[in-house]
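Novice: Per our numbering, the very first residue in the sequence shown carries number 12; after that it's consecutive. Backbone N, C-alpha and C fix where the C-beta goes; we use that ideal spot for every residue, glycine too.
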Amino acid sequence: MSVTTVPPPAAAHGPPAAPPAAPALRALAVERVHRLRRFHLHLMVFAAGLPLLGVVWVVTEYLEEHTWPSRFASAPDVAGTWDPWFFFVAGFWALALVLHALRTYLGPPVGPLGHWVRRPIPEDQLDREVARVRASAWWHGD
Numbered sequence: 012m013s014v015t016t017v018p019p020p021a022a023a024h025g026p027p028a029a030p031p032a033a034p035a036l037r038a039l040a041v042e043r044v045h046r047l048r049r050f051h052l053h054l055m056v057f058a059a060g061l062p063l064l065g066v067v068w069v070v071t072e073y074l075e076e077h078t079w080p081s082r083f084a085s086a087p088d089v090a091g092t093w094d095p096w097f098f099f100v101a102g103f104w105a106l107a108l109v110l111h112a113l114r115t116y117l118g119p120p121v122g123p124l125g126h127w128v129r130r131p132i133p134e135d136q137l138d139r140e141v142a143r144v145r146a147s148a149w150w151h152g153d
C-alpha cells in the first residue's frame, strides 16, 4: 500500500503573511519608498550627467586653448591653462548627493517641510485645482 503525500498549500511556503499595517505606519512606508526612488533618480542623473558635463568641459576647453592642459587655473591669458569650473560643479553636486543620501537613509521619516507640503488640503483649493486641470490643454478625461 503506497501513501501519497499532498503538498502543503502555497501559503505554507515562505514567511507568514504580515498583519495589515496601521494607516500611519503605511503612510511612513510609502514616504520612505518615495524618498528612496527620488534618491535613486538623483544618483542615476549624477552618474549620467557628470561624464556628459565632463565631455562638454573637455571639448570647450580644448577648442578654446587648442592644446591639452598643462595646468588648471582661472587664468584665461596663459596658454595651456584650463579653467577648473568642472571640478567645482562636480564637487558641489557630489556634496548635494551625499547630503541627499544622508537625508534618505538617516533622516527622519517626514521632516518639517514634508509636514508642511502634506498638510490637509482645503476643499476650495482642491476644487480650484480640479477646475484648472480640467481646463488645461492636456486633460483628456471626462
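1) Out of R139, R129 and A105, which has the shortest C-alpha to C-alpha gap to A58?
2) Between the Cα of G102 and those of T71, L61 and F50, spot the shortest distance and give me the residue it belongs to.
3) Which of helix, strand or coil does DSSP assign to T71?
4) Can you tell me where the alpha helix (DSSP H) with H111 in it begins and where it stops?
5) Given the structure, does W68 come close to the ligand SAH, in the sense that its CB is under 6 Å from one of the ligand's heavy atoms?
6) Grouping DSSP H, G and I as helix and E and B as strand, with all else coil, what is G93?
7) Indicate whether W68 and F97 have their beta-carbon atoms separated by less than 7 Å.
8) Please report the Cβ distance between H5 and L108, rounded to the nearest whole angstrom; I am assuming they are in contact, meaning their Cβ atoms lie under 8 Å.
9) Output needed for R114: all residues of its chain with C-beta closer than 7 Å, excluding positions within five of it in sequence on either side, in chain order.
10) Report the option in G118, T71 and P95 whose CA atom is closest to the CA atom of R43.
11) Hey, quick one: how far does the alpha helix (DSSP H) through A146 stretch, first residue to last?
12) If P80 and T71 are in contact, beta carbons under 8 Å, what's the gap, nearest whole angstrom?
Specialist: Well, looking at it:
1) A105
2) L61
3) helix
4) W96 to L117
5) Absence of the ligand SAH is noted for the structure shown, with no ligands found whatsoever.
6) Residue identity check: residue 93 is Trp in the sequence provided, not Gly. Three-state result, W93: strand.
7) yes
8) Here the chain has residues from 12 to 153 only, and residue 5 is not among them.
9) none
10) G118
11) E134 to A146
12) So it is not a contact: roughly 12 Å between Cβ atoms.
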